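Residue numbers (full-length UniProt numbering): 1 to 321.
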């Protein structure tokens with residue numbers, strides 16, 4: 001017989017339903033009551049002990065900053081001894097490790113350090129004025145001087161004294177006719193006073209032998225010429241531009257730029273000859289350095305009490321490895 005859904009006939013005491021929890025009359029009261037409960041719970045939680053204050057943190061940062069700035073406090077003679085055996089490329093990499101080292105190596109007093117590094121690799125002297133860090137960057141720099149990237153291959157154009165990636169080289173290298181069309185306020189003597197190259201960004205030459213210029217340099221030279229000798233402008237747009245006659249300052253600046261261009265062109269040929277040394281010469285120089293170093297090690301070992309036979313045996317072991 002299936003169970004009945006009806007209540008049993010036996011009398012039972014009436015059961016009262018549990019009252020529903022009362023809702024707070026207002027949001028503020030409910031939040032207030034909850035806040036009291038939260039306060040009670042928080043009171044039972046143990047408070048975390050503070051391990052340090054602002055004063056301790058400031059001292060730690062000060063000590064850390066002092067540790068980073070040790071290199072900049074060294075005497076320049078000691079810096080010269082530390083960096084006496086490196087090449088300019090390594091010195092450039094060292095200068096990029098921190099701001100303090102960069103400020104130490106790229107100041108005027110550190111020029112002997114760069115000069116010693118350039119002598120280590122036999123870099124030739126230049127006729128046109130150029131500081132040693134810029135010279136090192138032009139020959140052995142790996143980063144683009146425009147965007148700073150090291151992911152793209154950088155190439156140096158010694159006629160322009162520029163080292164840039166292919167993207168920035170294409171964006172900033174223009175021929176003379178294009179520059180005249182794009183730069184409306186170009187000074188009449190600007191292109192004559194700027195460095196130029198017969199090669200485009202792709203390494204090609206023009207059939208009309210028109211040269212290419214570095215746009216940032218053209219803009220800077222044009223602004224400088226405008227400052228010392230601004231050319232006359234027509235009063236109306238329909239009028240023809242009046243004839244320009246440079247003053248003494250502009251003539252002097254033009255002559256200085258002409259002499260500099262001759263020296264830079266000679267320096268470009270010198271640097272190209274230096275970079276084009278044969279591979280056999282470089283290998284022979286490297287072999288000579290290794291042999292000289294091995295001779296130093298041999299003399300020190302013999303002075304320490306080793307015999308010549310032990311030295312020969314160790315060299316043969318190294319050759320087999």
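Note that the Cβ used here is the ideal one computed from N, Cα and C, for glycine as well. All values reported here derive from a predicted model rather than from experimental measurement.
Where residue i and residue j are concerned, what is the direct C-alpha to C-alpha distance, given to the nearest angstrom?
| i | j | result |
| --- | --- | --- |
| residue 126 | residue 183 | 33 angstroms |
| residue 286 | residue 292 | 10 angstroms |
| residue 80 | residue 181 | 50 angstroms |
| residue 304 | residue 296 | 12 angstroms |
| residue 289 | residue 110 | 27 angstroms |
| residue 204 | residue 122 | 30 angstroms |
| residue 170 | residue 140 | 21 angstroms |
| residue 64 | residue 179 | Reliability of the predicted coordinates at residue 64 is poor, the pLDDT of 48 falling under 50, and no value is obtained from them. |
| residue 241 | residue 273 | 46 angstroms |
| residue 245 | residue 208 | 28 angstroms |
| residue 78 | residue 192 | 45 angstroms |
| residue 257 | residue 265 | 12 angstroms |
| residue 283 | residue 277 | 11 angstroms |
| residue 299 | residue 116 | 27 angstroms |
| residue 220 | residue 263 | 20 angstroms |
| residue 168 | residue 153 | 11 angstroms |
| residue 76 | residue 91 | 15 angstroms |
| residue 83 | residue 113 | 7 angstroms |
| residue 302 | residue 281 | 32 angstroms |
| residue 235 | residue 98 | 54 angstroms |
| residue 129 | residue 260 | 9 angstroms |
| residue 247 | residue 217 | 22 angstroms |
| residue 101 | residue 194 | 34 angstroms |
| residue 166 | residue 155 | 8 angstroms |
Using the rule of at least 16 other Cβ atoms within 10 Å of the residue's Cβ for burial, across every protein chain shown, is residue i buried or exposed?
| i | result |
| --- | --- |
| residue 212 | buried |
| residue 267 | buried |
| residue 8 | Residue confidence for residue 8 is low, a pLDDT of 43 falling below 50, so the modelled location carries little weight; the figure read from the coordinates is stated next. The residue is exposed, with fewer than 16 neighbouring Cβ atoms inside 10 Å. |
| residue 150 | exposed |
| residue 230 | exposed |
| residue 202 | exposed |
| residue 132 | buried |
| residue 308 | exposed |
| residue 148 | exposed |
| residue 93 | exposed |
| residue 104 | buried |
| residue 271 | buried |
| residue 269 | exposed |
Per DSSP, residue i forms a beta bridge with which residues?
| i | result |
| --- | --- |
| residue 173 | 214 |
| residue 197 | 212 |
| residue 164 | 155 |
Would you say residue i faces chain D, with C-beta separation under 8 angstroms as the test?
| i | result |
| --- | --- |
| residue 87 | Protein chain content of the structure displayed is limited to a single chain, and chain D is not contained in it. |
_For the structure I just gave you, are there three or more beta carbon pairs, one from the stretch 135 to 143 and one from the stretch 86 to 99, closer than 8 angstroms?_
yes
*Below 8 angstroms, can you find three or more Cβ-Cβ pairs linking the stretch 142 to 156 to the stretch 253 to 260?*
no
*If we count Cβ pairs, one from each stretch, closer than 8 angstroms, do we get three or more for the stretch 212 to 224 versus the stretch 169 to 178?*
yes
*Validate contact between the stretch 153 to 163 and the stretch 189 to 200 using beta carbons, cut 8 angstroms, 3 pairs*: yes
*Every unbroken beta strand (DSSP E) inside the stretch 88 to 157 [3 residues or more]*: 154 to 157
*Quick check: the stretch 186 to 194 against the stretch 214 to 234, are there 3 or more CB pairs under 8 angstroms?*
yes
*Could you tell me which uninterrupted beta strand (DSSP E) segments, each at least 3 residues in length, are contained entirely in the UniProt region "Disordered" (226 to 250), listed from first to last along the chain?*
none
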